[in-house]
Structures are given as structure tokens and as C-alpha cells.
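Enquirer: Each position in the sequence shown, counted from 1, maps to that position plus 20 in the working numbering.
We put the beta carbon where it would ideally sit given N, CA and C, even for glycine.
Quick caveat, the model's predicted, so the values are computed rather than measured.
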Amino acid sequence: MTNIPHSSSMVILDRTQETTSRSILYAFTLEELLCRSIGKMAPPILHIWRHPRAFVMGLRDSRLPEAALANQWLLDQGYDTAVRNSGGAAVPLDLSVVNVSLLLPKEAGDMEHRKDFEAMVGLIREVMSKLTDHIDQGEVMGSFCPGEFDLSVGGRKFCGIAQRRQQLALSVQAFIIVEGEGEAKAALARGFYERAAQSADPSEYPAVAPGSMASLAECLNIPLTAEQFTANLVEVMMARGLQVKTPEAIPGYPTDGQIGDMVDLMKARYAIKQ
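Dropping the structure here:
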């Protein structure tokens with residue numbers, strides 16, 4: 021069984037059916053505010069969510085020479101865009117992608133981040149254990165949002181993991197491409213960097229290569245949907261004793277007004293370079 025810190029008191033917040041046109045920043049600001057309550061009022065939370073059509077940039081992406089031009093290119097195609105405050109680089113999102121976050125308390129001064137990444141890796145391996153035991157961990161060259169904790173099958177990445185740490189809480193965030201064509205998302209990320217990078221040093225952004233990304237369904241060559249993956253994840257965690265909670269049942273859950281104010285603050289703080 022995966023060793024997830026504080027899982028004995030953790031609850032499940034499943035927002036995967038909330039697929040209306042909320043700002044893509046809603047999920048990130050919700051987690052920011054929940055982390056401020058964890059350890060005070062809110063319990064540890066497993067947050068699961070999706071978004072219909074978005075492109076989330078990392079901070080370095082937003083500082084590329086023509087980031088504003090590339091952002092407009094995405095907006096013209098109907099993508100909601102934003103800059104997130106966690107680590108990592110750009111990630112395209114749609115309903116084929118399941119986002120999973122572990123929101124956990126931490127001790128002040130705890131800088132050991134690897135154990136938290138490893139907890140997320142272990143959770144995803146466990147959820148997928150009935151389908152495959154051939155999930156590899158390690159940076160996939162040519163993928164978007166590359167990192168040491170990339171998860172792949174047969175050399176093609178289906179999952180990336182990032183982290184956001186506050187003084188007394190943290191959020192470990194995974195995007196999991198469950199269904200559809202991973203290459204279409206890679207092509208979108210590649211198009212963004214082609215427009216945004218221009219004269220930037222190649223070391224400042226990932227070189228997204230064809231053949232580097234795939235969905236789990238493609239990797240395993242099986243029919244698999246985001247809904248099935250989510251149901252399996254919830255089933256695994258409920259077998260551990262976790263319960264699905266509504267927002268109203270979670271102490272310290274922020275109001276829509278608090279979330280809206282934080283969305284405005286993050287838009288201003290992490291504005292795209294003009």
C-alpha cells in the first residue's frame with residue numbers, strides 16, 4: 021500500500037463533474053486557500069478535478085519574450101489561460117485529463133520535497149496496478165512540463181507532477197492524461213513555445229518533441245476514460261477508509277467570494293509578460 025502522509029484523516033474532494041466554464045485559476049486558488057486552512061480547520065484533502073479547455077503556464081513560460089503573443093494565439097482558439105504558482109512548465113488541459121492533488125500539512129522549515137512527490141507516484145501506481153505494473157518514473161526528454169517525477173509507459177509520458185509549498189502545508193499536483201491523443205496536446209504545447217520563445221535561449225523552455233506524450237489509453241492500448249480512472253481512484257482511497265466529502269462538509273472551505281478575490285490576486289501577481 022502507498023504510504024501517503026496523514027491519510028488516516030484525509031478526505032476526498034471530487035470535483036471532476038464540475039466541468040462548467042469556471043476560470044482555470046479556480047482550482048489553483050481553491051488549493052491555495054485550503055492549504056492555508058489545513059492544520060487549523062481543514063483536514064488533509066485528496067482533490068480531483070478537470071477543466072474543459074485550458075492551457076496552464078509555468079512562471080518561466082510567462083516570462084518568455086513573446087509570451088503575450090502566444091497567449092493570444094491560445095485565447096483565439098478558445099483556451100482559458102493562466103500562470104500557476106506551483107513549479108513546472110506549460111500543460112494543456114481538457115476533459116481527458118484528470119488532475120489529482122494531495123493537500124497535506126507540513127512542519128515549518130520542512131524542505132524535503134522528494135517524499136511528497138514519491139507519495140503521489142506511489143498513489144498513481146496503486147490506482148493503475150490492476151491494469152499495469154510497467155509504469156516508469158524519470159524525466160521524459162521531449163515531453164512538455166518535463167521533470168524527474170514524470171510517469172511514462174514505453175517511453176511516452178502520461179503524467180507530470182508539480183508541487184506548491186506553503187509554510188505549514190503543501191500541494192502535490194499531478195496531471196494524468198487518461199484518454200485521447202497525447203500528441204495533440206504535445207503539438208499545442210509545441211505551438212505555444214514556437215510563438216512564445218522567439219529569441220529566448222533554448223535552455224529557458226522545453227523542446228517538445230513528437231512521440232513524447234501519450235494518454236494512458238494509448239500507452240496501454242485499452243479503452244479507458246477519465247470517468248473510469250476517477251472511479252478507480254476513489255474506490256482505492258475509500259478502501260483505505262477515506263470518505264468523499266462535499267465542500268459544505270469540509271471545515272475551513274473557502275467561500276466563492278474568497279476564491280474570486282484570490283483569483284484576481286493571482287492574475288495580478290502572475291501576469292503574463294507584455
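Would you mind stating whether threonine 49 and isoleucine 292 have Cβ atoms separated by less than 8 Å?
Expert: Position 29 of the sequence shown, counted from the start, is the residue given in the question as residue 49. Position 272 of the sequence shown, counted from the start, is the residue given in the question as residue 292. Not a contact, by the Cβ cut-off of 8 Å.
Enquirer: Ignoring anything shorter than 3 residues, give me the beta strand (DSSP E) runs that lie fully in the region 101-161, in order along the chain.
Expert: Runs found: 111-114 and 117-125.
Enquirer: If you run the structure through DSSP and keep just helix, strand and coil, what is leucine 188?
Expert: Residue 188 sits at position 168 when you count from the first residue of the sequence shown. Here leucine 188 sits in coil by DSSP.
Enquirer: Considering only residues of the region 53-93, which uninterrupted alpha helix (DSSP H) runs meet the minimum length of 4 residues and lie entirely inside it, listed in chain order?
Expert: 79-82
Enquirer: With a Cβ-Cβ cutoff of 8 Å, do proline 123 and leucine 54 count as a contact?
Expert: Walking along the sequence shown from the start, residue 123 turns up at place 103. Walking along the sequence shown from the start, residue 54 turns up at place 34. First, the amino acid is wrong: residue 123 is leucine here, not proline. Yes. Within cutoff.
Enquirer: Note down the Cα distance separating alanine 88 from phenylalanine 195, rounded to an integer number of angstroms.
Expert: Indexing the sequence shown from 1 puts residue 88 at position 68. Indexing the sequence shown from 1 puts residue 195 at position 175. Looking at the two C-alpha atoms, the distance is approximately 24 Å.
Enquirer: Under three-state DSSP, which class holds arginine 215?
Expert: Locating residue 215 in the sequence shown gives position 195, where the first residue counts as 1. Helix, per DSSP.
Enquirer: Leaving out five residues before and five after alanine 74 in sequence, what residues of the same chain have Cβ atoms less than 8 Å from its Cβ?
Expert: Mapped onto the sequence shown, residue 74 falls at position 54. These residues qualify, in order along the chain: Ile44, Tyr99, Asp100, Thr101, Ala102, Pro112, Leu113 and Asp114.
Enquirer: Between which two residues does the beta strand (DSSP E) carrying valine 264 extend?
Expert: As a first step, residue 264 must be located in the sequence shown, where it is residue number 244. Segment: none, valine 264 is in no beta strand (DSSP E) and carries neither H nor E.
Enquirer: Using three-state DSSP, classify leucine 176 as helix, strand or coil.
Expert: Taking the sequence shown and counting its residues from 1, one reaches residue 176 at position 156. The question names leucine, yet the displayed sequence has arginine at residue 176. It is a strand residue.
Enquirer: Take phenylalanine 137 and list the residues in its own chain whose beta-carbon comes closer than 7 Å to its own, dropping the five residues that flank it on each side.
Expert: If you number the sequence shown from 1, residue 137 lands on position 117. Cβ neighbours of phenylalanine 137 beyond the five flanking positions: Phe169, Ile181, Gln183 and Val192.
Enquirer: Excluding the 5 residues preceding and the 5 following proline 63 in the sequence, name in chain order all residues of the same chain whose CB lies nearer than 6 Å to its CB.
Expert: Here residue 63 corresponds to residue number 43 of the sequence shown, with the count starting at 1. These residues qualify, in order along the chain: Ser29 and Val31.
Enquirer: Who pairs with glutamine 97 in a beta bridge, going by DSSP?
Expert: For the purposes of this step, residue 97 is identified with residue 77 of the sequence shown, where counting begins at 1. DSSP lists no partner for glutamine 97.
Enquirer: Using DSSP's beta-bridge definition, name the partner residues of phenylalanine 195.
Expert: Residue numbering aside, residue 195 sits at position 175 when the sequence shown is read from its first letter. Asn119 and Gly180, per the DSSP bridge assignment.
Enquirer: Between which two residues does the beta strand (DSSP E) carrying glycine 33 extend?
Expert: As a working note, residue 33 is residue 13 in the sequence shown. The sequence given here has leucine at residue 33, not glycine. Start and end: 31-35.
Enquirer: For the alpha helix (DSSP H) containing alanine 237, name the first residue and the last one.
Expert: Position 217 of the sequence shown, counted from the start, is the residue given in the question as residue 237. 236-240 is the span of the alpha helix (DSSP H), which, as asked, contains alanine 237.
Enquirer: Express the C-alpha separation of alanine 288 and arginine 185 in angstroms, rounding to a whole number.
Expert: Taking the sequence shown and counting its residues from 1, the one referred to as residue 185 is at position 165. Taking the sequence shown and counting its residues from 1, the one referred to as residue 288 is at position 268. Taking the straight line from one Cα to the other gives about 20 Å.
Enquirer: Assign glycine 231 to one of two classes, buried (16 or more other C-beta atoms within 10 Å of its C-beta) or exposed (fewer than that).
Expert: To locate residue 231, count along the sequence shown from 1; it is residue 211. It is exposed - the Cβ of glycine 231 has fewer than 16 other Cβ atoms within 10 Å.
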